[in-house]
Amino acid sequence: MAHLSARHEEAKRRRDVQNTERALALAMRTGYPIDLQAKPRTAQAAKQSSHTDTVPVPVPSSRCAQRVSVARVKQISVRRKQAEVESERQARNQQAAAEAPAMAAHRLRERKERERHIQEANINFLISQQPSSIEAMNIARMLSPRFQERVVFTPSITKNSHEEERIKELLMSTRVGSYYH
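The working numbering numbers the first residue of the sequence shown as 25 and each following residue consecutively.
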């Protein structure tokens with residue numbers, strides 16, 4: 025229980041220092057000379073008084089002002105840290121927002137590529153199961169865009185020409201076999 029007695033001694037010392045400060049403040053307010061105050065006569069009090077004699081006791085108002093200034097400095101540093109954290113968070117969010125469209129497009133490309141590879145693997149497996157190469161080629165043409173037949177229609181009549189107008193009128197006409205007007 026040594027720690028409790030040490031805490032008790034510390035509390036007593038603080039109480040004595042506080043009482044001394046109050047007495048000094050009262051003496052200063054009332055105008056009594058400090059020499060007229062009673063001096064402690066015990067060894068413990070002498071030890072404390074020698075400590076208080078060597079260390080100047082600050083006036084309570086200056087201690088209060090010091091505590092207020094320390095509290096202000098702490099508040100300013102806390103606000104500064106909060107502002108730094110907030111600015112870092114905003115910078116990360118802006119960077120993520122700038123990178124998000126490119127990342128989404130990249131993910132979509134990767135997903136399409138994976139799906140295409142899976143589909144081609146399934147088609148290759150199905151083709152390998154066919155006994156005839158003709159059936160395999162027909163299946164490949166039906167299912168795989170790689171083997172699909174590409175037909176490109178090229179009209180022989182140009183758009184919005186006189187011949188196109190004539191053909192449209194012939195097709196809309198009810199007369200059969202009316203090639204000439």
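Backbone N, C-alpha and C fix where the C-beta goes; we use that ideal spot for every residue, glycine too.
Evaluate the contact criterion for the segment 130 to 148 versus the segment 163 to 178: three or more CB pairs, one atom per stretch, below 8 Å. yes
CA-CA distance, E112 and P125? 21 Å
DSSP state of S197, grouped into three classes? coil
When burial is assigned at 16 or more other CB atoms within 10 Å of the CB, is I158 buried or exposed? exposed
Helix, strand or coil at E90 according to DSSP, with G and I counted as helix: The identity of residue 90 in the sequence shown is Gln, whereas the question assumes Glu. In the structure shown, Q90 sits in a helix (DSSP, three-state: H, G or I).
Should I100 go down as buried or exposed, given a rule of 16 or more other Cβ atoms within 10 Å for buried? exposed
Below 6 Å CB to CB, which residues in the same chain sit around E34 once its five sequence neighbours on both sides are set aside? none
Specify whether the segment 104 to 122 and the segment 130 to 137 touch according to this definition: at least 3 beta carbon pairs, one from each stretch, less than 8 Å apart. no
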